[in-house]
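Peer 1:
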Amino acid sequence: MDFDEVVRGRHSVRDFDGEPVPEKDIRAIVEEAGLAPSWGDTQPWRVYVATGAVMDRIRAAHEKADTAGVRGHSDVPTSHRTEWGEQPQRNMAAFGVQTRALAADAGRGSQEKARLRVQDEAQKESVGPDRADHPDLSAAQEHGQSAAAGAAAGRPAHPAPMALTNARLFNAGTVIYLALQQKMNQWNLLDLGAFEQTLALAAKNRGYDTMIAYELVRYPEEVRPVLGIPDNEVLVIGMAVGHATDAPINGLHARRMPVDEYLTIRK
Ligand SMILES: Cc1cc2nc3c(=O)[nH]c(=O)nc-3n(C[C@H](O)[C@H](O)[C@H](O)COP(=O)(O)O)c2cc1C
787 MDFDEVVRGR HSVRDFDGEP VPEKDIRAIV EEAGLAPSWG DTQPWRVYVA TGAVMDRIRA
847 AHEKADTAGV RGHSDVPTSH RTEWGEQPQR NMAAFGVQTR ALAADAGRGS QEKARLRVQD
907 EAQKESVGPD RADHPDLSAA QEHGQSAAAG AAAGRPAHPA PMALTNARLF NAGTVIYLAL
967 QQKMNQWNLL DLGAFEQTLA LAAKNRGYDT MIAYELVRYP EEVRPVLGIP DNEVLVIGMA
1027 VGHATDAPIN GLHARRMPVD EYLTIRK
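Following this note's numbering, the numbering of the sequence shown begins with 787 at its first residue and continues without gaps.
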């Protein structure tokens, strides 16, 4: 694939068709991600893949915890969105407006409900009044995305596509989890970020869609034992991989700031 097609074509897909990615493709994608640069060639990444029955098991545990309203407790701590910098907060708010528009559209048609295969869960959605642990969902919810909050406010309860597909781990058949050894520092996280983006681009280049998500590591205890992640490693992030369905939520393309808003060149 052309580089431009790969880099501009990658975007977060929140509803997959559930088909597992063949092992040979997983190996090729992960091997390409290993070409990412790292401080002193330390290559701090550790990679674990859940697919097939293992993925089903993780999803079932996740849905159960989410429905019970268990608060996220990822190995890498999160902070409330109000503790983020001013620019990230502004962008998060704008993203919330975009997702609200999507939720409103979903309320108008029945197609979304059918496609997301989750309408039964709309009423028992357990996002709760504050998703402080979840920057993506708390931003979306603040802008009225939550079905539960909508119902409480007297508005028709329409499905909250983003919260619901998050709860189902995006219906993905395969998830690639990234970990670091416990003696990690901030530079290792930078290296892992480079690995993660290369992973997403390598997948796109082979015709796969991806979803990098905190949601996938929200409850580490449901992932660590099944994948054999040792105690001396920190589960950092997960990336779902597979093929997108044509659900409207997959049409969400987060906007980007114009380059001049964040670029400074001095001569
Ligand atoms: C580290 C990280 C964690 C994320 N966690 C979630 C998540 O838990 N749920 C979700 O719906 N999106 C999550 N996202 C996706 C972001 O919302 C998305 O990358 C951003 O809005 C830009 O959109 P794009 O990926 O489509 O270009 C996460 C992205 C990153 C990089």
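Backbone N, C-alpha and C define an ideal beta-carbon position, used for all residues, glycine too. The structure presented is a predicted model; accordingly, all values stated were derived computationally and were not measured.
(1) What I want to know is whether the C-beta of L976 ends up closer than 8 Å to one or more non-hydrogen atoms of ligand 2.
(2) On the criterion of 16 or more Cβ atoms from any shown chain inside 10 Å, does D852 qualify as buried, or is it exposed?
(3) Given a threshold of 16 other Cβ atoms within 10 Å of its Cβ, counted over all protein chains shown, does D788 qualify as buried or as exposed?
(4) Leaving out the 5 sequence neighbours to the left and right, which residues in its chain are closer than 7 Å to L1013 when beta-carbon positions are compared?
(5) According to DSSP, which residues form a beta bridge with S798?
(6) Check the C-beta distance from V1045 over to I844 and give it rounded, since I have them as a contact under 8 Å.
(7) Please check the pair A988 and E818, which I expect to be a contact at CB under 8 Å, by giving their CB distance rounded to whole angstroms.
(8) Helix, strand or coil: how does DSSP classify D790 here?
(9) Relative to the C-alpha of N952, which candidate in V792, V793, V799 has its C-alpha closest?
(10) Looking at F881 and ligand 1, is the gap between the Cβ and the nearest heavy atom below 8 Å?
(11) Run through the DSSP bridge pairs and tell me what P962 is partnered with.
(12) Name the one or two DSSP bridge partners that Q967 has.
(13) If distances are taken between C-alpha atoms only, which option among L1038, K1053, R1004 comes closest to V883?
(14) Mind checking whether the beta-carbon of R800 lies closer than 8 Å to any heavy atom of ligand 1?
(15) What is the residue span of the alpha helix (DSSP H) that E869 lies within?
(16) Once the 5 residues before and after P830 are set aside, which same chain residues still bring their CB inside 6 Å of it?
(17) Quick check on the DSSP output: the alpha helix (DSSP H) that includes R813 runs from which residue to which?
(18) Does the beta carbon of H866 fall short of 8 Å from some heavy atom of ligand 1?
(19) Taking three-plus beta-carbon pairs below 8 Å as touching, is the segment 1016-1032 in contact with the segment 863-876?
(20) Does the beta-carbon of L888 have 16 or more other beta-carbons within 10 angstroms, so that it is buried, or is it exposed?
Peer 2: Taking the coordinates as given:
(1) Judged by which ligands are present, ligand 2 is missing from the structure shown, whose ligands are ligand 1.
(2) buried
(3) exposed
(4) These residues qualify, in order along the chain: Y834, A836, Y963.
(5) T996
(6) The Cβ separation is near 39 Å, so there is no contact.
(7) 4 Å
(8) helix
(9) V799
(10) yes
(11) For clarity, residue 962 is Ile in the given sequence; the question names Pro instead. V835, M1025, per the DSSP bridge assignment.
(12) E1019
(13) Closest option to V883, Cα to Cα, is L1038.
(14) yes
(15) Counting along the chain, E869 falls outside any alpha helix (DSSP H), and DSSP gives it neither H nor E.
(16) L966, N974, D977
(17) 809-819 is the span of the alpha helix (DSSP H), which, as asked, contains R813.
(18) no
(19) no
(20) The C-beta of L888 has 16 or more other C-beta atoms within 10 Å across all chains shown, which makes the residue buried.
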